[in-house]
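2 protein chains.
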Amino acid sequence: MALEHAILVSLLEKPGSGYELARRFDRSIGYFWTATHQQIYRVLKRMESDGWVEAREVPQQGRPDKKRYSVAAPGQAALSRWLHEPIEPESVRHDLAVKIRGAAFDDPSELMRQVERYQRTHSERLAHYLAGELRDFTGPDAPEPLDTMQELQHVVLRGGIAYERMTLAWLDDVLATLHRIREAQTGRTRAAERPGHPER
Amino acid sequence: MALEHAILVSLLEKPGSGYELARRFDRSIGYFWTATHQQIYRVLKRMESDGWVEAREVPQQGRPDKKRYSVAAPGQAALSRWLHEPIEPESVRHDLAVKIRGAAFDDPSELMRQVERYQRTHSERLAHYLAGELRDFTGPDAPEPLDTMQELQHVVLRGGIAYERMTLAWLDDVLATLHRIREAQTGRTRAAERPGHPER
DNA sequence: TCCTGCTATGCAACTCGTTGCATAGACAAG
DNA sequence: CTTGTCTATGCAACGAGTTGCATAGCAGGA
Numbered sequence: 001m002a003l004e005h006a007i008l009v010s011l012l013e014k015p016g017s018g019y020e021l022a023r024r025f026d027r028s029i030g031y032f033w034t035a036t037h038q039q040i041y042r043v044l045k046r047m048e049s050d051g052w053v054e055a056r057e058v059p060q061q062g063r064p065d066k067k068r069y070s071v072a073a074p075g076q077a078a079l080s081r082w083l084h085e086p087i088e089p090e091s092v093r094h095d096l097a098v099k100i101r102g103a104a105f106d107d108p109s110e111l112m113r114q115v116e117r118y119q120r121t122h123s124e125r126l127a128h129y130l131a132g133e134l135r136d137f138t139g140p141d142a143p144e145p146l147d148t149m150q151e152l153q154h155v156v157l158r159g160g161i162a163y164e165r166m167t168l169a170w171l172d173d174v175l176a177t178l179h180r181i182r183e184a185q186t187g188r189t190r191a192a193e194r195p196g197h198p199e200r
Numbered sequence: 001m002a003l004e005h006a007i008l009v010s011l012l013e014k015p016g017s018g019y020e021l022a023r024r025f026d027r028s029i030g031y032f033w034t035a036t037h038q039q040i041y042r043v044l045k046r047m048e049s050d051g052w053v054e055a056r057e058v059p060q061q062g063r064p065d066k067k068r069y070s071v072a073a074p075g076q077a078a079l080s081r082w083l084h085e086p087i088e089p090e091s092v093r094h095d096l097a098v099k100i101r102g103a104a105f106d107d108p109s110e111l112m113r114q115v116e117r118y119q120r121t122h123s124e125r126l127a128h129y130l131a132g133e134l135r136d137f138t139g140p141d142a143p144e145p146l147d148t149m150q151e152l153q154h155v156v157l158r159g160g161i162a163y164e165r166m167t168l169a170w171l172d173d174v175l176a177t178l179h180r181i182r183e184a185q186t187g188r189t190r191a192a193e194r195p196g197h198p199e200r
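Residue numbers (the UniProt record's numbering), protein chains in the order written: chain A, 1 to 200; chain B, 1 to 200.
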């Protein structure tokens, strides 16, 4: 598990409260690592009792107090240890791929509508990434030159952008394939009515 | 959760035992959905008691008996229902992205070695996918024309290939970025010795 | 002959992540 | 003045996934 490490990185980039972390996990870090506030509070508490992070109560006006966490030396050491561990290939889990293969045993039309919706969410995500890139890294308001932290944030974001572009191109391919299949099935007995191996 | 559905799809493509499913989850289906034999046996048992799948004991010579599972009507219906549910965006979890951002607070050299190892595993995976594509879909021994099931398997595999190519290109970008950062740090106080915000 | 490895199935304990719910102060809109 | 929303934190229960271990027959090599 690496939620602890994601939190350490985020706190090193900028100290903050559990709530603030949760919001970051809805945005920048959340692009490649999701977590709910529950997980964050629980792990943060454990990390504090392990001495990885330190909390300071920060009184606020007009809002509840918050605990501002920052990384302590043992936390930095733990992160360093983790960074030196070999990267293992991620375990993948793509609902869509399963659904596509499942479409061989069902009417593909409904799936096509969903793929189109999915395209829209990925287009939006790409637009969001590109806006963030312009704002933080390549636009006129971006700091110049970028420091190490920003360079690395940028290369990760470029990864997200590449991923979205690749996904959108593939979704076009998927849609075209589903179209072709539906055309080929028109005028014939529908595959959905003969479950099993429709083309045999 | 969708392991049940992945199993349904796999059993519709071809009935088989828990053990056989586990091996498929190490290969074709495993490209986009991982599962251990434990999960598979447990879920399979639940699915059987729910009437989603049916088992037949198959005696074998020279090996332990196996249970050959195939999909029953309620299972087919459950799959169909799931296929009609909207696709929700996957929750991402990329260790590597976290590690890259973490490298701002550590010596990047070690990470570079790991990225290179990672490149090799992805190259191998790409080669493996391409070999599978040639064998099953585009090569001279492939069936012609492909049926619906094969068309859909193929488009999913093309997704995997696109993903690997994208990843490899991005890893080049990552390595180049890490190189640049290390060059910039040479001759200066090492960032690793001033944890916090090295470039401030 | 013994040891390793493969097929084949399963239990038990654990960790990780999700969901539902609860609390509580402050502010803005109606 | 009540209702809804935002900040801020947390508990409890559940579900999904992982890890370690156990069993058992057979095949092949040292």
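The beta-carbon is built from N, C-alpha and C at its ideal position, and this holds for glycine as well. Since we're looking at a predicted model, the values are computed, not measured.
Nonlocal neighbours in the same chain, by C-beta distance under 7 Å from residue i, ignoring five residues either side
{"i": "S10 of chain B", "result": "L21, R24 and I29"}
{"i": "Y15 of chain B", "result": "Note on identity: in this sequence residue 15 of chain B is Pro, with Tyr being the wrong assignment. Cβ neighbours of P15 of chain B beyond the five flanking positions: R68, Y69 and S70."}
{"i": "K45 of chain B", "result": "none"}
{"i": "residue 201 of chain A", "result": "No statement about residue 201 of chain A is possible, as the shown extent of chain A runs from 1 to 200 and does not include it."}
{"i": "I181 of chain B", "result": "P108"}
{"i": "K99 of chain B", "result": "L111"}
Close Cβ partners of residue i (< 6 Å) along its chain, the five nearest in sequence each way excluded
{"i": "G75 of chain A", "result": "L8, W52 and V53"}
{"i": "W82 of chain A", "result": "H5"}
{"i": "L12 of chain A", "result": "V71"}
{"i": "R56 of chain B", "result": "R68"}
{"i": "K66 of chain B", "result": "S17 and V58"}
{"i": "A35 of chain A", "result": "L3 and F25"}
Residue-level contact to chain A via CB, residue i, 8 Å cutoff
{"i": "A162 of chain B", "result": "yes"}
{"i": "W170 of chain B", "result": "yes"}
{"i": "S123 of chain B", "result": "no"}
{"i": "K67 of chain B", "result": "no"}
{"i": "M112 of chain B", "result": "no"}
{"i": "T32 of chain B", "result": "What sits at residue 32 of chain B in the sequence shown is Phe, not Thr. For F32 of chain B, the answer is yes, since a Cβ of chain A falls inside 8 Å of its Cβ."}
{"i": "K99 of chain B", "result": "yes"}
{"i": "E151 of chain B", "result": "yes"}
{"i": "T148 of chain B", "result": "yes"}
{"i": "A22 of chain B", "result": "no"}
{"i": "H37 of chain B", "result": "no"}
Beta-bridge partners of residue i, as assigned by DSSP
{"i": "R93 of chain A", "result": "B:W33"}
Proximity test, Cβ basis, 8 Å: residue i and chain B
{"i": "F105 of chain A", "result": "yes"}
{"i": "A127 of chain A", "result": "no"}
{"i": "H179 of chain A", "result": "no"}
{"i": "G102 of chain A", "result": "yes"}
{"i": "I87 of chain A", "result": "yes"}
{"i": "residue 220 of chain A", "result": "In this structure chain A extends from 1 to 200, so residue 220 of chain A is not present and cannot be described."}
{"i": "F25 of chain A", "result": "no"}
{"i": "A6 of chain A", "result": "yes"}
{"i": "Q119 of chain A", "result": "no"}
{"i": "G159 of chain A", "result": "yes"}
{"i": "A72 of chain A", "result": "no"}
{"i": "L11 of chain A", "result": "no"}
{"i": "V166 of chain A", "result": "The residue you asked about is not Val; residue 166 of chain A is Met in the sequence shown. Yes - at least one Cβ of chain B is within 8 Å of the one on M166 of chain A."}
Residues near residue i in its chain [Cβ-Cβ closer than 8 Å; skip 5 each side]
{"i": "H37 of chain B", "result": "G18, Y19 and A22"}
Quiz item: What runs of the beta strand (DSSP E), each 3 residues or longer, lie entirely inside the UniProt domain "Transcription regulator PadR N-terminal" (7–80) of chain B?
Solution: 53–58 and 66–71
Practice problem: Could you tell me whether the region 140–150 of chain B touches the region 110–120 of chain A, using the rule of 3 or more Cβ pairs below 8 Å? | Solution: Touching, no, given that fewer than three Cβ pairs across the two stretches are closer than 8 Å.
Quiz item: Of all the alpha helix (DSSP H) runs that stay within the bounds of the UniProt domain "Transcription regulator PadR C-terminal" (92–178) of chain A, which reach a length of 4 or more residues?
Solution: 95–102 and 108–133
Quiz item: Counting pairs of beta carbons, one from the region 147–163 of chain A and one from the region 162–176 of chain B, are three or more of them closer than 8 Å?
Solution: yes
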